[in-house]
Amino acid sequence: MSGQALRQISRAAAAGWLGVLICAAATANAATLTVAVTDRAGTPVSDAVIYAVPSHNARNDTATPPTAVMDQREKAFVPHLLVVETGTAVEFPNHDTVGHHVYSFSDAKSFELPLYSGRAHAPIVFDTPGVVDIGCNIHDHMEAHIVIVDTPYFGVMSGSDTAAIVDVPPGQYTVHVYTPRLPPRSQPAPHSIVITNSAAHIDISIEQRLRPPHGRTNRSLEWSAY
Amino acid sequence: MVRLLKLQRLAMVSTMLLAGQAIAQTGLDASRHRWTVRGSSSLISVDSRDTSWLDGGLSKMRYDETDSNTVFDRLLIEYEGALTPTLIAQIDADIMGDGDGSFDLTEAFLEWRPVPRSANRHRLKLGAFYPRASLENVGVGWSSPYSISWSAINTWLAEEIRLFGAEWTLSRPLGGGGSAHRLDLFAAAFYGNDPSGTLLAWKGWGLHDRQTRWREQLPLPSIPVLQPGTRMRQHQDPHAQPFLEIDHEPGFHAGAEWRYADRVSLAASRYDNRADPLSTADGQYGWRTVFDHIALRASLPWNLGLMAQWMRGTTAMGSVIGAGRRVVDNDYEASFVMLTRRWDSFRLSLRVDDFEVYDADVLPNDNNYENGDAVTLAYMRKLMGGLTLGVEWQRIDSMRPAREYLGLAPDADERQLRVQLSWQLSNHAD
């Protein structure tokens, strides 16, 4: 190994340690909340949003949340499930060669982005809490859900065993779960938790029968013919 | 014929004008105007005593032993474009090796897709199109990704059924938000298609990949009732033109489909061309053709897909001459079950067909009875550069007494091995 390579490695190691120290300082007054959402059989629920609403008024900053992205790739919305804080602007870039026509008639936000490709439309601001179901008017099989919540503390179970919410300040919280695999009125009951400075974890088991997960479970059949 | 051709020409010209105007306004943006050109050729090895139905024989297959081993199947051009964000046009035109060498249309329609304002989704199709029935023909230009040759049911739709009219579809989830159940209701009213049933009665079922185009004339077999000088030939040309309007009365196709996520779907519909069986025009009879149709799709374990269709109906022409049946009066029934599985770059499909025509009339020298079954095994593989390879083995056993009119035994055991290479070029990636 050359001397130059060794120097690069030691420099990288030093930078790494510095990063760890900075992180430790920044999170000294906050914890990570992990939530595992499982079904009756104990299997992680692939499509579920979790969000923790503080019982105290924890927010003192009024900064606009960063812009979120609902992408379109290979005639599918990516992600299928997006959670954002109230007031977030969401961009809808279309990366397919075919045009998409995004719409929603949900109460929380009714909108339409007429047939386009690329980034032809300005982001949409979601300013009412709730669930917005979106579709494409050209490709009826395309669907996705945007969950708008009144808290900056949220996460998504998407193919992993748990969802993690980082940098949660100490205090009392109500933890909610939303999954599009249950009707809006049959969502799991919320859980209360007190967050201290250490990591916290909640297991939530959904007892109701879930509808099948979104997406093709079997690609041998062509379903989108009509 | 003159009247229908005018209607067809009007529809074709207006669709093209609208498309041309939209292209002029928006440029040839591939996200709005999509072109696909697809050419297919096959190597064939046929084992059959029958002559192809396209040469006046009674073979169930498209090609016979007299055809060259290398055949040009089809050159398709498909245009699909958004004239406005909610008005989509689709035009399919093709040339076939066993056609007259000209470009002609298989489908051309406008679809209005208003943006839903509630859970009810409405769609309205206008033009010339297939009825909503086939589970197989979901590829470009009504091709099938599952096999080269189609089931008896869908082959018959390709030969003789096309709607010239309007189809409305309402789709909505069942049981409120979050439900994986969906119900589609559809209803079409159409002109044309009055002679549908001519080929099914006199030629019988077929299993192939040839679609009749708008103005095409298809040969009828050289059976006794169709010989020159017979009474039948006073009004019947020696060829069929299944899409003509004969009695100026509209027909309908209507049904419903229930679907649970991408797991299972079940559709049922009725077609009735409401043709007057006593009417004749332009060398064709009106054939009153009615059928009920059921289609089932299901995702099975091991990533297997199941498809099945069933059809039963009647077709009749002429006056009532005995036992309440018309001069030519046939009942028919067909079904198939297909198992298919897709891997990353290829697909294997196995289909078993069953088909029958029951001759219910008393007309002498016109026995249209038929009973048969078929097994089709297909391997479809995507290659590089827009190429698709298909390899298909097919065995069709059928009993049709009318073969004796042509000097053949009623029973036929036809076999075919077909290797097809298709090449697709388009201005879009999917």
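Protein chains in written order, with this note's numbering: chain D, 288 to 513; chain G, 412 to 841.
Even for Gly, the Cβ is constructed at its ideal location relative to N, Cα and C.
Could you name the residues of chain G that Tyr390 (chain D) contacts, counting a contact when the two beta carbons are closer than 8 Å? Taking the first sequence and counting its residues from 1, the one referred to as residue 390 (chain D) is at position 103. Simply Val526 and Pro527.
Quick check on the DSSP output: the alpha helix (DSSP H) that includes Ala612 (chain G) runs from which residue to which? In the second sequence, the residue the question calls residue 612 (chain G) occupies position 201. Thr609 to Trp613 is the extent of the alpha helix (DSSP H) around Ala612 (chain G).
Would you verify that the beta carbon of Thr751 (chain G) is, or is not, closer than 7 Å to some beta carbon of chain D? On the second sequence, residue 751 (chain G) is found 340 positions in, with the first residue counted as 1. Chain D contact via Cβ: present.
In the DSSP output, what is Trp464 (chain G) paired with across the bridge? For the purposes of this step, residue 464 (chain G) is taken as residue 53 along the second sequence, with counting starting at 1. Trp464 (chain G) pairs with nothing; no bridge assigned.
Can you find a C-beta in chain G that's less than 7 Å from the C-beta of Glu509 (chain D)? In the first sequence, the residue the question calls residue 509 (chain D) occupies position 222. Output row for Glu509 (chain D): interface = yes.
Applying a beta-carbon distance threshold of less than 8 Å, which residues of chain D neighbour Asn714 (chain G)? The residue you call residue 714 (chain G) lines up with position 303 of the second sequence. Near Asn714 (chain G) (Cβ distances below 8 Å), the residues of chain D are Asn505, Arg506 and Ser507.
On the CB-based measure, 16 or more other CB atoms within 10 Å of its CB, does Ala312 (chain D) come out buried or exposed? Taking the first residue of the first sequence as position 1, residue 312 (chain D) is located at position 25. With a pLDDT of 43 at Ala312 (chain D), under the threshold of 50, the predicted position of this residue should be treated as unreliable, though the coordinate-derived value follows. Ala312 (chain D) comes out exposed.
Output the distance between the C-alpha atoms of Asn684 (chain G) and Ala709 (chain G), rounded to the nearest integer angstrom. Within the second sequence, numbered from 1, the residue matching residue 684 (chain G) stands at position 273. Within the second sequence, numbered from 1, the residue matching residue 709 (chain G) stands at position 298. If I take the Cα positions, the gap works out to 30 Å.
Taking three-plus beta-carbon pairs below 8 Å as touching, is the region 404-417 of chain D in contact with the region 375-384 of chain D? yes
Check whether the Cβ of Ser442 (chain G) lies closer than 7 Å to any Cβ atom in chain D. Counting from one through the second sequence, the residue named residue 442 (chain G) turns up at place 31. Taking Cβ atoms only, chain D reaches closer than 7 Å to Ser442 (chain G), which makes this a yes.
Does DSSP classify Pro635 (chain G) as helix, strand or coil? Along the second sequence, one-based indexing puts residue 635 (chain G) at 224. Correct three-state label for Pro635 (chain G): helix.
With Trp561 (chain G) and Asn548 (chain G) assumed to form a contact (beta carbons below 8 Å), what rounded beta-carbon distance in angstroms separates them? Along the second sequence, one-based indexing puts residue 561 (chain G) at 150. Along the second sequence, one-based indexing puts residue 548 (chain G) at 137. Yes, they are in contact, since the Cβ atoms of Trp561 (chain G) and Asn548 (chain G) sit about 7 Å apart, within 8 Å.
Can at least three beta-carbon pairs, one atom from the region 679-696 of chain G and one from the region 709-720 of chain G, be found at a separation below 8 Å? no
Thinking C-alpha only, which one of D:Arg360, D:Leu369 and D:Thr375 is nearest Thr351 (chain D)? In the first sequence, residue 351 (chain D) corresponds to position 64, counting from 1. If we check each option's Cα against that of Thr351 (chain D), D:Thr375 comes out closest.
Under 7 Å, Cβ to Cβ, is there at least one residue of chain G near Gly417 (chain D)? Within the first sequence, the letter at position 130 stands for residue 417 (chain D). It does not: the Cβ of Gly417 (chain D) has no partner Cβ on chain G nearer than 7 Å.
Residue-level contact to chain G via CB, Pro475 (chain D), 7 Å cutoff: Counting from 1 along the first sequence, the entry for residue 475 (chain D) is found at position 188. Closer than 7 Å: no.
So, at 6 Å on beta carbons, what are the nonlocal neighbours of Thr751 (chain G) in its own chain, with the 5 sequence-adjacent residues on each side left out? Translated into positions along the second sequence, residue 751 (chain G) becomes position 340. Here the set comprises Tyr557, Gly716 and Ser760.
Beta strand (DSSP E) containing Asn782 (chain G): first to last residue? As a working mapping, residue 782 (chain G) is identified with position 371 in the second sequence. It spans Glu781 to Lys793 - the beta strand (DSSP E) in which Asn782 (chain G) sits, taken as one unbroken run.
Go ahead and label Thr691 (chain G) buried or exposed: buried means 16 or more other beta carbons lie within 10 angstroms of its beta carbon, across all protein chains shown. Against the second sequence, residue 691 (chain G) aligns to sequence position 280. Thr691 (chain G) comes out buried.
Nearest neighbour of Ala771 (chain G), chosen from G:Asp755, G:Val786, G:Gly783 and G:Gly735 [CA to CA]: The residue given as residue 771 (chain G) occupies position 360 in the second sequence. The residue with the shortest Cα to Cα distance from Ala771 (chain G) is G:Gly735.
Using a Cβ cut-off of 7 Å, pull out every chain G residue sitting near Gly235 (chain D), in sequence order please. Shown here, chain D extends from 288 to 513; a query on residue 235 (chain D) therefore has no answer.
Just how far apart, CA to CA, sit His839 (chain G) and Gly386 (chain D)? If you number the second sequence from 1, residue 839 (chain G) lands on position 428. If you number the first sequence from 1, residue 386 (chain D) lands on position 99. Those two C-alpha atoms are separated by around 11 Å.
Would you call Trp464 (chain G) buried or exposed, if buried means 16 or more other Cβ atoms sit within 10 Å of its Cβ? For this step, residue 464 (chain G) is matched to residue 53 along the second sequence. Per the 10 Å Cβ criterion, buried.
Any heavy atom of the ligand ZN closer than 6 Å to the CB of Leu400 (chain D)? Inclusion of the ligand ZN in the displayed structure is not the case, the ligand content being empty and no account of it being possible.
Note down, in chain order, each residue of its chain lying with its Cβ closer than 8 Å to the Cβ of Val551 (chain G), except the 5 sequence neighbours on either side. The sequence position of residue 551 (chain G) within the second sequence is 140, counting from 1. Hits under 8 Å: Thr447, Arg449, Leu487, Glu489 and Gln835.
Contacting residues, own chain, Cβ-Cβ under 6 Å from Val356 (chain D) (five flanking each side not counted): Locating residue 356 (chain D) in the first sequence gives position 69, counting from the first residue. Answer for Val356 (chain D): Glu378, listed in chain order.
In the DSSP assignment, find the alpha helix (DSSP H) that holds Glu571 (chain G) and state where it starts and stops. The count along the second sequence starts at 1 and reaches residue 571 (chain G) at position 160. Here the alpha helix (DSSP H) through Glu571 (chain G) covers Ala563 to Glu571.
Identify, in the order they occur along the chain, each residue of the same chain with its Cβ nearer than 8 Å to the Cβ of Ser397 (chain D), setting aside the five sequence neighbours on each side. Here residue 397 (chain D) is taken as the residue at index 110 of the first sequence, counted from 1. For Ser397 (chain D), where only same-chain residues beyond five positions count, the Cβ hits under 8 Å are Ser391.
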